[in-house]
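Trainee:
Numbering (the numbering used here), first residue to last: 49 to 540.
1. Suppose the cutoff is 7 Å on Cβ atoms and the five residues either side in sequence are ignored; what does the same chain contact list for residue 511 look like?
2. So if DSSP puts residue 209 in a beta bridge, which residue, or which two residues, is it bridged to?
3. Would you kindly work out how many angstroms separate the C-alpha atoms of residue 294 and residue 445, rounded to a whole number?
4. Looking only at C-alpha atoms, which of 130, 124 and 243 sits nearest to residue 70?
5. Determine the direct distance from the alpha carbon of residue 81 to that of residue 94, and round the result to whole angstroms.
6. Mapping DSSP to helix, strand and coil, what is residue 100?
7. Fully enclosed by the stretch 432-468, which beta strand (DSSP E) runs are 3 residues long or longer?
8. Is it buried or exposed, residue 518, if we count other Cβ atoms within 10 angstroms and call 16 or more buried?
9. Just the Cα atoms here: how many angstroms apart are residue 76 and residue 339?
10. Which residues share a DSSP beta bridge with residue 280?
11. So which of 66, 333 and 312 has the shortest CA-CA distance to residue 326?
12. Do the stretch 86-100 and the stretch 193-207 make contact, defined as three or more Cβ pairs closer than 8 Å?
13. Which of the three DSSP states is assigned to residue 138 in this structure?
14. For the stretch 375-444, list the alpha helix (DSSP H) runs that are entirely contained and at least 4 residues long, ordered along the chain.
15. Leaving aside the five residues before and after residue 128 along the sequence, list all residues of the same chain whose C-beta is less than 7 Å from its C-beta, in chain order.
16. Have a look at residue 66 and residue 226 and give me their C-alpha separation to the nearest angstrom.
17. So, residue 155 versus residue 126, is the Cβ gap smaller than 8 Å?
18. Hey, is the stretch 524-533 in contact with the stretch 483-491, meaning 3+ C-beta pairs nearer than 8 Å?
19. I'd like the list of long-range same chain contacts for residue 301, defined as Cβ closer than 6 Å, with 5 residues on each side in sequence excluded.
20. Relative to the alpha-carbon of residue 123, which residue among 426, 160, 212 and 390 has its alpha-carbon at the smallest distance?
21. Can you tell me whether DSSP reads residue 150 as helix, strand or coil?
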């Protein structure tokens with residue numbers, strides 16, 4: 049098997065990922081402790097997740113169901129039987145001095161995930177995805193990992209269910225990694241098994257090598273990849289952070305090679321604040337972990353689960369359906385399927401009114417205002433009824449689009465008021481026909497120069513007169529109606 053490089057005759061970047069995602073379950077993977085964040089350290093714990101002698105693990109069925117959903121979403125194989133193993137290493141956040149994970153027979157094998165980067169479609173192979181327990185968390189006091197005065201350990205996180213998704217070394221740039229992580233997050237959220245807003249819910253270990261391109265087609269064979277020294281970069285917790293960390297590491301390794309220095313095979317720590325990677329230790333090999341079967345958990349037969357467990361419509365399929373069913377362009381369909389919450393809300397509004405007004409108000413107005421405030425759709429999910437009522441006020445011509453957008457929606461988000469409260473407080477009810485007609489007549493009488501300019505062929509003068517009418521009606525008239533009335537009066 050070969051991996052594709054970018055340009056023959058130059059140094060090529062090869063990247064593979066180990067993506068750790070926290071699965072959304074109420075309890076931990078092998079015990080009944082809550083996975084909800086606790087106010088005090090070391091309180092969501094029990095003998096099992098603390099690794100006390102004699103405590104035995106019991107597998108959480110919901111974790112297995114989540115893993116099967118992921119397998120279906122990435123078109124992976126599920127073996128007849130999956131098993132658990134002990135990964136042995138010594139670190140303060142690992143109370144048992146081993147981690148229960150999967151090595152010999154992971155639950156997901158040989159999948160793939162397609163995504164778009166810079167307008168091109170790419171597909172990355174998923175070597176495996178396995179379930180495991182999370183260690184505790186280290187809290188470095190007085191500095192970072194290399195400068196702290198001391199370190200505290202919180203075992204509340206120990207035993208939280210993780211899925212580690214291991215890709216093939218198919219990435220050729222940090223930008224591809226960022227696009228892949230965004231796509232993976234999108235799919236996992238659609239499956240309902242992952243919450244990207246939860247602190248520490250996504251952590252990435254990235255392996256990066258710089259190699260010489262191979263044959264005339266730019267292919268790199270497996271032997272070249274195996275021989276290349278690679279660094280593992282840890283402490284990456286975001287899509288943007290992954291791109292920045294790998295861009296730095298790519299430059300660091302290329303500079304070393306160009307100066308004739310060897311690239312050490314090591315594990316490095318990404319320091320977000322400094323924008324650099326720092327050497328931590330020599331990189332472990334798989335044999336260093338001395339994997340062996342976890343005797344306290346029997347093999348689990350899972351081959352039949354794939355047919356029994358259903359998954360929802362995934363983002364790509366929903367995006368295509370939106371284009372076909374609602375006649376949306378690609379940009380609108382992308383915005384409206386960016387999260388499952390956005391897509392669901394759009395379909396609710398489209399069912400109540402029509403697709404055009406729903407697309408405008410959800411994709412452009414609502415998401416635009418939320419983005420300006422650095423908010424997410426989930427931040428207003430408990431106010432969807434109010435937002436629908438605002439759309440209804442516009443759809444039934446009770447208020448103008450301008451007032452709905454610039455006053456009502458913004459006050460709703462900034463002051464937590466209902467649409468009806470804002471409309472009443474600001475007197476934004478749409479002006480009646482008689483009121484508008486009077487304002488039109490007054491604007492014409494009071495602005496003879498603009499009227500003369502209009503008759504002389506200056507069509508821009510009409511905009512000035514529209515503005516005068518809007519001012520007289522307090523912005524409550526419809527600008528389109530005002531424009532039409534003015535033209536009728538001026539040409540009558």
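Note that beta-carbon positions come from the ideal geometry of N, C-alpha and C, so glycine has one too.
Mentor: According to the structure shown:
1. Here residue 511 refers to the residue found at position 463 when the chain shown is read from its first residue. Answer for residue 511: no residue qualifies.
2. As a position in the chain shown, residue 209 is number 161, starting the count at 1. 181, per the DSSP bridge assignment.
3. What you label residue 294 is simply residue 246 of the chain shown in a count that begins at 1. What you label residue 445 is simply residue 397 of the chain shown in a count that begins at 1. Straight-line Cα distance between these residues: approximately 52 Å.
4. Numbered from its first residue, the chain shown carries residue 70 at position 22. When only C-alpha atoms are compared, the closest one is 243.
5. Taking the chain shown and counting its residues from 1, the one referred to as residue 94 is at position 46. Taking the chain shown and counting its residues from 1, the one referred to as residue 81 is at position 33. Distance from the CA atom of residue 94 to the CA atom of residue 81, rounded to whole angstroms, is 7 Å.
6. Stepping through the chain shown from its first residue, residue 100 is reached at position 52. Coil.
7. none
8. Position 470 of the chain shown holds residue 518. Answer is buried; the Cβ neighbour count reaches 16.
9. In the chain shown, residue 76 corresponds to position 28, counting from 1. In the chain shown, residue 339 corresponds to position 291, counting from 1. Going by the C-alpha atoms only, they are around 22 Å apart.
10. Taking the chain shown and counting its residues from 1, the one referred to as residue 280 is at position 232. 255 and 315.
11. By 1-based counting over the chain shown, the position of residue 326 is 278. Of the listed residues, the one whose Cα sits closest to residue 326 is 312.
12. yes
13. Within the chain shown, residue 138 is the residue found at index 90, counting from 1. Coil, per DSSP.
14. 378-384, 388-400, 403-407, 415-420 and 432-443
15. One-based indexing of the chain shown puts residue 128 at position 80. 349 and 351.
16. On the chain shown, residue 66 is found 18 positions in, with the first residue counted as 1. On the chain shown, residue 226 is found 178 positions in, with the first residue counted as 1. Their backbone Cα atoms lie some 13 Å apart in a straight line.
17. In the chain shown, the residue the question calls residue 155 occupies position 107. In the chain shown, the residue the question calls residue 126 occupies position 78. Result yes, Cβ atoms of residue 155 and residue 126 sit closer than 8 Å.
18. Between the stretch 524-533 and the stretch 483-491, the count of C-beta pairs closer than 8 Å reaches three or more; the two stretches touch.
19. Within the chain shown, the letter at position 253 stands for residue 301. Here the set comprises 258 and 311.
20. Sequence index remark: in the chain shown, residue 123 carries index 75 (1-based). Ranking 426, 160, 212 and 390 by CA distance to the CA of residue 123 puts 160 first.
21. Locating residue 150 in the chain shown gives position 102, counting from the first residue. Looking at residue 150 - three-state DSSP - the assignment turns out to be coil, as it is neither helix nor strand.
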